[in-house]
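Asks: Residue numbers (our numbering), protein chains in the order written: chain X, 1 to 293; chain P, 1 to 136. Supplied in structure tokens, the structure appears directly below.
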């Protein structure tokens, strides 16, 4: 049986761990709220952009259009953007994204495609470096330090479009966690390039399409709109990711705090039992000593 | 009360402004155009310039946008701006300082994507400085 001093030290250490995890939980909760607000605030822009693209895309239709919609006509080289957090201690958040990305990479390679990887967030790079290090063309860190800015998304979009125009890849997909609730996040793969044209809503579809005037022409607007749309989608993905990260961390830290509590209870119980046993033993020693006289 | 149209200014980060206005003048890429209620539906790209909001026959608010898109229907006008700054909140000196700083950075930047980004930014700031000078 462990002696009293060891137990005391043990209890103290678990208690301080518990303090840390519960503080992290609080911080994550506060950050989660901020991240959710940011995601909420960014929604109007994304919605309206989608609406415009829907009405434009329907007009340009399948008759080609800019390369960002029509693609290069091949799908030999895939660019995979893996967006994770910079830090761990958030349950399976990072691993689940990386796992999904890794599965896709293997799948693509089996089909004989070339894969290039761009990592956003330190964990993605750390986890992929060992197995797919040679394919990583670009790594970014510190994206979600405080609140994700649109500039970050814009930078990534510029890099991607630049590479796309240079013919470095044909298809681009981003992997991130969609925020469902603080408890659950869904790993999502979203195709960025070529852009998928959202279907125009039924009731407004046909009539509005015909009604709009375009200045300059449809193609001109699309050419300006599509790069922005890539940035907007990345931005939305990063925001979802940030909210998911804090949600995941909150849940993970909550259960860690609870586990620490359970452990403290158990250790305290053992401590008290041991203490009692020691006292009893001492008493027995004294009494039997007295009787022997 | 005169007829109004709903004007919305949205930046990627948030909804900047949403209000009913009598008329807005928007810097279209092929020239400024005014939007009154019951304007014909149209979609246009914007160049960097100033949006004027009219209320009661005079300008009540001037906002600089760094390009973007406008969607106009009979009842509303939505502007998706890349960056929006109320003209009253910036001073020419600040803009020029920012501009000088960015030009310095551009000189030392080799990376192509990075350069392109800085050039876009400088163009935007130049337009802002211009607008500010005209307004003064």
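Idealized CB from N, CA, C, for every residue including glycine.
Hey, could you find the ends of the alpha helix (DSSP H) residue 273 of chain X is sitting in?
Replies: Along the first chain, one-based indexing puts residue 273 of chain X at 273. Start and end: 218 to 292.
Asks: Around the Cβ of residue 153 of chain X, are there at least 16 other Cβ atoms within 10 angstroms (buried) or fewer (exposed)?
Replies: Translated into positions along the first chain, residue 153 of chain X becomes position 153. Label assigned to residue 153 of chain X: buried.
Asks: Any idea which residues DSSP pairs residue 162 of chain X with across the strands?
Replies: On the first chain, position 162 is the one that residue 162 of chain X refers to. Answer is none; residue 162 of chain X lacks a bridge partner.
Asks: Straight-line CA distance for residue 161 of chain X to residue 227 of chain X?
Replies: As a position in the first chain, residue 161 of chain X is number 161, starting the count at 1. As a position in the first chain, residue 227 of chain X is number 227, starting the count at 1. Using only the alpha carbons, I get a separation of about 7 Å.
Asks: Give me the chain P residues within the contact set of residue 220 of chain X, using Cβ-Cβ distance strictly less than 9 Å, ordered along the chain.
Replies: Taking the first chain and counting its residues from 1, the one referred to as residue 220 of chain X is at position 220. Going along chain P in sequence order, the residues near residue 220 of chain X (Cβ under 9 Å) are 29 and 45.
Asks: Taking the runs of the beta strand (DSSP E) that are 3 residues or longer, which of them lie wholly in the region 57 to 119 of chain P?
Replies: Correct list: 58 to 72, 76 to 81 and 84 to 86.
Asks: Compare the C-beta of residue 15 of chain X with all C-beta atoms of chain P and state if any pair is closer than 8 Å.
Replies: One-based indexing of the first chain puts residue 15 of chain X at position 15. Not an interface residue.
Asks: Does the beta carbon of residue 213 of chain X sit closer than 8 Å to a beta carbon anywhere in chain P?
Replies: As a working mapping, residue 213 of chain X is identified with position 213 in the first chain. Cβ-Cβ to chain P under 8 Å: yes for residue 213 of chain X.
Asks: Output yes if chain P places a C-beta closer than 8 Å to the C-beta of residue 202 of chain X; else output no.
Replies: Mapped onto the first chain, residue 202 of chain X falls at position 202. Since pLDDT at residue 202 of chain X reaches only 46, below the 50 mark, its modelled position is unreliable, and the value read off the structure follows with that caveat. Chain P contact via Cβ: absent.
Asks: Taking the straight line between their C-alpha atoms, what separation do you get for residue 236 of chain X and residue 185 of chain X?
Replies: Looking up residue 236 of chain X in the first chain gives position 236. Looking up residue 185 of chain X in the first chain gives position 185. About 15 Å.
Asks: Should the region 35 to 43 of chain X be regarded as contacting the region 249 to 262 of chain X, the criterion being three or more beta carbon pairs within less than 8 Å?
Replies: No: fewer than three Cβ pairs fall under 8 Å.
Asks: Near residue 37 of chain P, what residues of its chain come up, given a Cβ to Cβ distance below 7 Å and the 5 sequence neighbours on each side ignored?
Replies: If you number the second chain from 1, residue 37 of chain P lands on position 37. Same-chain partners within the cutoff: 3, 4 and 5.
Asks: Buried or exposed: where does residue 262 of chain X fall if 16 or more other Cβ atoms within 10 Å of its Cβ makes it buried?
Replies: Translated into positions along the first chain, residue 262 of chain X becomes position 262. Result: exposed.
Asks: Can residue 119 of chain X and residue 108 of chain X be called in contact, C-beta distance under 8 Å?
Replies: Within the first chain, residue 119 of chain X is the residue found at index 119, counting from 1. Within the first chain, residue 108 of chain X is the residue found at index 108, counting from 1. Their beta carbons are not under 8 Å apart, which means residue 119 of chain X does not touch residue 108 of chain X by this criterion.
Asks: Taking 8 Å as the threshold (beta carbon to beta carbon), is residue 93 of chain X in contact with chain P?
Replies: For the purposes of this step, residue 93 of chain X is taken as residue 93 along the first chain, with counting starting at 1. So, not an interface residue.
Asks: Please return the same chain residues whose Cβ sits closer than 8 Å to the Cβ of residue 90 of chain P, not counting the five positions on each side in sequence.
Replies: As a first step, residue 90 of chain P is located in the second chain; it is residue number 90 there, counting from the start. The residues are 64, 128 and 132.
Asks: If the criterion is Cβ atoms closer than 8 Å, does the pair residue 29 of chain P and residue 45 of chain P meet it?
Replies: Taking the first residue of the second chain as 1, we reach residue 29 of chain P at position 29. Taking the first residue of the second chain as 1, we reach residue 45 of chain P at position 45. A contact, by the Cβ cut-off of 8 Å.
Asks: Looking at C-beta atoms only, is the number of pairs between the region 92 to 112 of chain X and the region 65 to 74 of chain X that lie closer than 8 Å three or more?
Replies: No contact exists between the region 92 to 112 of chain X and the region 65 to 74 of chain X.
Asks: Is there a Cβ of chain X sitting closer than 8 Å to that of residue 64 of chain P, yes or no?
Replies: If you number the second chain from 1, residue 64 of chain P lands on position 64. So, not an interface residue.
Asks: Below 8 Å on the Cβ atoms is my contact criterion, and I expect residue 83 of chain X with residue 121 of chain X to pass it. Report the Cβ-Cβ distance as a whole number of Å.
Replies: Here the question's residue 83 of chain X lines up with position 83 in the first chain. Here the question's residue 121 of chain X lines up with position 121 in the first chain. Indeed, because the Cβ distance is near 6 Å, the residues count as touching under 8 Å.
Asks: Is there a C-beta anywhere in chain P that falls below 8 Å from the one on residue 119 of chain X?
Replies: To locate residue 119 of chain X, count along the first chain from 1; it is residue 119. No, residue 119 of chain X does not count as interfacial toward chain P.
Asks: Once DSSP output is grouped into helix, strand and coil, what is the label at residue 27 of chain P?
Replies: Translated into the one-based positions of the second chain, residue 27 of chain P becomes position 27. In this structure, residue 27 of chain P counts as strand in the three-state DSSP scheme.
Asks: To the nearest angstrom, how far is the alpha carbon of residue 73 of chain P from that of residue 84 of chain P?
Replies: Position 73 of the second chain, counted from the first residue, corresponds to residue 73 of chain P. Position 84 of the second chain, counted from the first residue, corresponds to residue 84 of chain P. Taking the straight line joining both Cα atoms gives about 22 Å.
Asks: Do you know whose CA, among P:25, P:121 and P:71, lies nearest residue 101 of chain P's CA?
Replies: Counting from 1 along the second chain, the entry for residue 101 of chain P is found at position 101. Among P:25, P:121 and P:71, the Cα nearest to that of residue 101 of chain P belongs to P:121.
Asks: Using 8 Å as the limit for Cβ to Cβ distance, is residue 207 of chain X near chain P?
Replies: Along the first chain, read from residue 1 onward, the residue named residue 207 of chain X stands at position 207. Annotation note: pLDDT 49 at residue 207 of chain X (below 50); position unreliable, coordinate value reported separately. Answer no: the Cβ-Cβ gap between residue 207 of chain X and chain P never drops below 8 Å.
Asks: Considering only residues of the same chain and omitting the five flanking positions on each side of residue 174 of chain P, which have a CB-CB separation below 8 Å?
Replies: Since the displayed chain P opens at 1 and closes at 136, residue 174 of chain P lies outside it and no answer follows.
Asks: Give me the Cα-Cα distance between residue 51 of chain X and residue 27 of chain P, rounded to the nearest whole angstrom.
Replies: Counted from its first residue, the first chain places residue 51 of chain X at position 51. Counted from its first residue, the second chain places residue 27 of chain P at position 27. Roughly 21 Å between the two C-alpha positions.
Asks: Who are residue 179 of chain X's beta bridge partners in DSSP?
Replies: As a first step, residue 179 of chain X must be located in the first chain, where it is residue number 179. Partner(s): X:185.
Asks: Helix, strand or coil, according to DSSP, for residue 13 of chain P in the structure here?
Replies: By one-based count along the second chain, residue 13 of chain P stands at place 13. Three-state DSSP puts residue 13 of chain P in coil, outside helix and strand.
Asks: Which whole-angstrom value is the C-beta distance of residue 48 of chain X and residue 71 of chain P, which I expect to be below 8 Å?
Replies: The count along the first chain starts at 1 and reaches residue 48 of chain X at position 48. The count along the second chain starts at 1 and reaches residue 71 of chain P at position 71. Residue 48 of chain X to residue 71 of chain P, Cβ: 7 Å. Contact.
Asks: Taking the beta strand (DSSP E) that residue 45 of chain P belongs to, which residues open and close that run?
Replies: In the second chain, the residue the question calls residue 45 of chain P occupies position 45. Counting along the chain, the beta strand (DSSP E) containing residue 45 of chain P begins and ends at 42 to 55.
Asks: Beta-carbon within less than 8 Å of residue 33 of chain P's beta-carbon, same chain only, minus the 5 sequence neighbours each way: which residues are those?
Replies: For the purposes of this step, residue 33 of chain P is identified with residue 33 of the second chain, where counting begins at 1. Only 25, 26 and 44 meet the Cβ criterion.
Asks: Taking just the CA atoms, how far does residue 264 of chain X sit from residue 287 of chain X?
Replies: By one-based count along the first chain, residue 287 of chain X stands at place 287. By one-based count along the first chain, residue 264 of chain X stands at place 264. Computed Cα separation, rounded: 34 Å.
Asks: Give me the chain X residues within the contact set of residue 78 of chain P, using Cβ-Cβ distance strictly less than 8 Å, ordered along the chain.
Replies: Working through the second chain from its first residue, we reach residue 78 of chain P at position 78. Within 8 Å Cβ-Cβ: 48.
Asks: Answer with yes or no whether the minimum CB distance from residue 67 of chain X to chain P is below 8 Å.
Replies: On the first chain, residue 67 of chain X is found 67 positions in, with the first residue counted as 1. No - not a single Cβ of chain P is within 8 Å of the one on residue 67 of chain X.
Asks: How about residue 15 of chain P: is its C-beta nearer than 8 Å to some C-beta of chain X?
Replies: Within the second chain, the letter at position 15 stands for residue 15 of chain P. Chain X contact via Cβ: present.
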